[in-house]
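Only one structure is covered here, and it is reproduced in the block below.
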Amino acid sequence: MPLIVFPTSQLLWVRVAALLFTCVAFSVAAHGAQLHHGGMADWCIFCWAFSFACTLLVLLVEQFGLQARVPVSWSNFPITIACYASLLCLSASIIFPVFFLKDQRFYGDSRDYRIASTVFSCLAAVAYMGEVSLTKARPGEVAGYMATAPGLMKVCQTFVACIIFILVSDPVTYDHHAALKWCMAVYCICFILSMAVVVLCVGECTGCLPIPFSKFLSAYGLLAVIMYLTATILWPVFQFDKQYHRGQASSKLIAAAVLTALNFLLYVADLAYTARLVFVSV
Numbered sequence: 022m023p024l025i026v027f028p029t030s031q032l033l034w035v036r037v038a039a040l041l042f043t044c045v046a047f048s049v050a051a052h053g054a055q056l057h058h059g060g061m062a063d064w065c066i067f068c069w070a071f072s073f074a075c076t077l078l079v080l081l082v083e084q085f086g087l088q089a090r091v092p093v094s095w096s097n098f099p100i101t102i103a104c105y106a107s108l109l110c111l112s113a114s115i116i117f118p119v120f121f122l123k124d125q126r127f128y129g130d131s132r133d134y135r136i137a138s139t140v141f142s143c144l145a146a147v148a149y150m151g152e153v154s155l156t157k158a159r160p161g162e163v164a165g166y167m168a169t170a171p172g173l174m175k176v177c178q179t180f181v182a183c184i185i186f187i188l189v190s191d192p193v194t195y196d197h198h199a200a201l202k203w204c205m206a207v208y209c210i211c212f213i214l215s216m217a218v219v220v221l222c223v224g225e226c227t228g229c230l231p232i233p234f235s236k237f238l239s240a241y242g243l244l245a246v247i248m249y250l251t252a253t254i255l256w257p258v259f260q261f262d263k264q265y266h267r268g269q270a271s272s273k274l275i276a277a278a279v280l281t282a283l284n285f286l287l288y289v290a291d292l293a294y295t296a297r298l299v300f301v302s303v
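Heads up, the sequence shown is in our numbering, so the first residue is 22 and it goes up one at a time.
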């Protein structure tokens, strides 16, 4: 009887570990953690389940050699998934214990289940970070754009923008002044363009642009830095200055201001890397 032997590697075992950790995290949470549906509980379950499903897809495609039949760029798709999964699992590892372990009066099995989910979520985040480290482009190595530092930063930019959207939309905190509406426009425009870059790279559609992809990245990077600079200044001024806002500064508003500054730094670093890739290679 013939045996099917799958080639093994360090990357394979890291992906298998991430698959098992996310599976345990959402299975334990759904089975015995006594979580109420909606809100942060659904978000954490989604983070683990989405990461599990995408990792399983990557494993199956690679082990059965179906990369050529998949309608995406396989030099960009796996590392993009790994980067998003690491951020999702990291966010779940922070959110889950804050909302469902801290100051909770649960004892016995349900608390044990919640602790187990938190532990395996942290392990999954570490595994995905390890996968990103193993698959990112090395100096002088030919790789897909998403495996480079600017590509990975595009993933981080879109993820941070999504967190900002969640923080400022429930309740809505950007509609009492035109400057705050501008900040929201900055978040939306830059998120859409960064996500468009990710989709174009994963879908191998960069040649569809009317201008060279490198010039598009440079122009967009400069525009994003200028726009986020204005948002980094305007958001705290019009949210925390008593002259413009009489309410108390909530933790969500402070977090949105910090994340805005973080995304500004990501766009600055992205522009610097992109300029180096474009101008040094010319």
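The beta-carbon is built from N, C-alpha and C at its ideal position, and this holds for glycine as well.
Fair warning: this is a prediction, and the values are worked out from it, not measured in the lab.
Along the chain, which unbroken stretches of the beta strand (DSSP E) at least 3 residues long are found entirely within the region 231-281? none
Is DSSP giving Val193 helix, strand or coil here? strand
Please list, in chain order, all residues of the same chain as Gly151 whose beta carbon is under 6 Å from its beta carbon, the five residues on each side excluded. Sequence-distant partners of Gly151 (beyond 5 residues in either direction) whose C-beta falls short of 6 Å from its own C-beta, in its chain, are Val35.
Excluding the five sequence neighbours on either side, which residues of its own chain have a C-beta within less than 6 Å of the C-beta of Pro118, listed in chain order? Thr139.
Smallest Cα separation from Phe71: which of Leu292, Gly53, Cys177 and Ala106? Among Leu292, Gly53, Cys177 and Ala106, the Cα nearest to that of Phe71 is on Ala106.
Span separating the alpha-carbon of Ala282 from that of Met167: 23 Å
Run the CB neighbour count on Phe180, radius 10 Å, all protein chains shown included, and call it buried at 16 or more, exposed below. buried
Nearest-angstrom Cα distance between Ser190 and Lys273? 10 Å
Val289 versus Gly53 - alpha carbon distance: 44 Å
Is DSSP giving His198 helix, strand or coil here? Here DSSP, grouped into helix, strand and coil, assigns His198 to coil.
For Phe259 versus Ala170, is the C-beta spacing smaller than 7 Å? no
Taking the alpha-carbon of Phe121 as reference, which of Phe98, His58 and Gln84 has the nearest alpha-carbon? His58
Taking the straight line between their C-alpha atoms, what separation do you get for Arg159 and Gln31? 17 Å
Whole-Å CB distance - Ser142 paired with Cys110, under 8 Å assumed: With a Cβ gap of about 6 Å, Ser142 and Cys110 count as contacting.
Which of the three DSSP states, helix, strand or coil, is assigned to Val93? Coil at Val93, not helix or strand.
Distance check for Tyr249 and Asn284, CA to CA, integer angstroms please. 8 Å
So, with DSSP's three-state summary, where would you put Ser30? The answer is coil: DSSP assigns Ser30 none of H, G, I, E or B.
Endpoints, the alpha helix (DSSP H) within which Val156 is located: Before going on, a small fix: residue 156 reads as Thr here, not Val. Segment Asp130 to Thr156, the alpha helix (DSSP H) holding Thr156.
Does DSSP put Arg36 in a helix, a strand or coil? helix
Using the Cβ count rule (16 or more neighbours within 10 Å means buried), how would you classify Ile102? Buried, by the Cβ-count rule.
Residue from Trp64, Glu83, Ala146 and Phe47 whose Cα sits closest to the Cα of Leu108: Ala146
Quick one: residues in its chain with C-beta nearer than 8 Å to the C-beta of Asp196, no 5 flanking neighbours on either side, listed in chain order? Lys202
By DSSP, does Lys175 sit in helix, in strand, or in coil? helix
Determine the closest residue to Pro99 out of Asp63, Ala113, Val49 and Leu155, with distance taken between C-alpha atoms. Leu155
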